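A quick write-up on the structure given underneath.
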Amino acid sequence: MVTASDRPHLASSLGRPVDSLEGSDLWQKRLTLPTYTVAEAARYAQAKPQTVGYWFRGSETSGPALPRRKARERLNYFEAVEVAFVAVFRSYGVRLKNLRNARAYFQALLQTEYPFASERFFTEGSRILREWGDLQELAEFTEVVIGDEQGQLAWAELLGETFHTFDYEHGLALRWHVAGRSSPVQIDPRIAFGAPSVRGIPTWAIRGRRQAGESVEDICDDFGLEDHEVIAGLEFEGLELRAA
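In structure tokens:
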């Protein structure tokens with residue numbers, strides 16, 4: 010995800026937010042740079058790597074969701090965000106072929122290349138998807154859209170939880186609480202080259218310092234983080250602290 014040449018620059022920033030593109034037009038370019046491997050995107054989205062692969066490669070019965078992507082090309086931030094929603098749709102039994110068609114419909118209607126990463130998908134998508142599903146006579150979408158007694162439509166629970174992991178700015182899902190709202194670990198494509206980070210410090214840098222034998226206290230001092238933030242970063246990277 011982050012190249013070896015990037016890491017010395019990032020690590021040298023210590024406690025400062027690294028590679029912050031806030032307030033600059035450069036952040037818009039960062040959103041579509043190939044950054045994440047299929048395995049990384051699958052882990053962040055809690056999806057099966059096979060699902061991600063089929064989504065982008067297509068199958069015998071349907072083409073890929075993004076036909077212009079090159080084989081083995083890394084995913085950009087928007088593509089990774091969309092994978093999170095693809096995973097939830099799949100958990101409801103929605104077939105990828107039908108989901109690709111629904112996505113194409115959203116693309117045309119919302120006039121955006123990555124509709125699942127748009128705020129309008131969150132605010133208007135349940136109504137649009139219900140109408141589209143009825144038009145196409147696709148019953149498998151009914152479980153992802155629910156209605157109350159007044160006929161108001163909303164997203165089903167799992168999709169609602171997924172939307173809740175994102176902060177929307179400029180009409181886009183621009184900050185991903187990839188480990189949940191209770192965790193300080195976030196992905197923001199404008200910061201740390203889009204790596205999962207804690208207050209701008211990439212979690213891979215926290216992991217590296219721990220694997221080098223440094224204590225949590227020393228890591229906190231060097232990066233300007235609190236104990237719970239360092240521990241959350243280590244847990245996200247799959248490192249468990251030994252009981253004292």
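Residue numbers (my numbering): 10 to 253.
In this text, a Cβ means the ideal position worked out from N, Cα and C, and glycines have one as well.
Since this is a predicted model, take the numbers as computed values, not measurements.
Could you tell me whether the Cβ atoms of Tyr63 and Tyr53 are closer together than 9 Å? Locating residue 63 in the sequence shown gives position 54, counting from the first residue. Locating residue 53 in the sequence shown gives position 44, counting from the first residue. In this structure, Tyr53 does not lie closer than 9 Å to Tyr63 by Cβ.
At which residues does the beta strand (DSSP E) containing Tyr177 begin and terminate? One-based indexing of the sequence shown puts residue 177 at position 168. Here the beta strand (DSSP E) through Tyr177 covers 175 to 178.
Leaving out the 5 sequence neighbours to the left and right, which residues in its chain are closer than 7 Å to Glu91 when beta-carbon positions are compared? By one-based count along the sequence shown, residue 91 stands at place 82. Around Glu91: Tyr123, Phe125, Ala126.
Suppose you measure from the CA of Leu35 to the CA of Ile200; what does that come to, to the nearest Å? By one-based count along the sequence shown, residue 35 stands at place 26. By one-based count along the sequence shown, residue 200 stands at place 191. Distance between the alpha carbons of Leu35 and Ile200: 11 Å.
Short of 6 Å in beta carbon distance, which residues of its chain neighbour Tyr86, apart from the five on each side in sequence? Order them along the chain. Here the question's residue 86 lines up with position 77 in the sequence shown. Same-chain partners within the cutoff: Leu40, Pro198, Gly203.
Rounded C-beta distance between Ala182 and Phe175? I'm assuming under 8 Å. As a working mapping, residue 182 is identified with position 173 in the sequence shown. As a working mapping, residue 175 is identified with position 166 in the sequence shown. Right, their Cβ atoms sit about 4 Å apart.
Simplified DSSP state of Leu30, which is helix, strand or coil: In the sequence shown, counting from the first residue as 1, residue 30 sits at position 21. With a pLDDT of 46 at Leu30, under the threshold of 50, the modelled position of this residue cannot be trusted; read the value that follows with caution. Looking at Leu30 - three-state DSSP - the assignment turns out to be coil, as it is neither helix nor strand.
Alpha carbon to alpha carbon, how far is Leu138 from Ala214? Give it in angstroms, no decimals. Residue numbering aside, residue 214 sits at position 205 when the sequence shown is read from its first letter. Residue numbering aside, residue 138 sits at position 129 when the sequence shown is read from its first letter. Computed Cα separation, rounded: 41 Å.
Arg129 and Leu119 look like a contact to me (Cβ under 8 Å); what is the Cβ gap, rounded to whole Å? As a working note, residue 129 is residue 120 in the sequence shown. As a working note, residue 119 is residue 110 in the sequence shown. With 8 Å as the limit, Arg129 and Leu119 qualify as a contact, their Cβ atoms being about 5 Å apart.
Nearest residue (CA-CA) to Gly180, options Gln59, Arg112, Thr121, Thr60: Counting from 1 along the sequence shown, the entry for residue 180 is found at position 171. Checked all of Gln59, Arg112, Thr121, Thr60; the closest Cα to Gly180 is Thr121.
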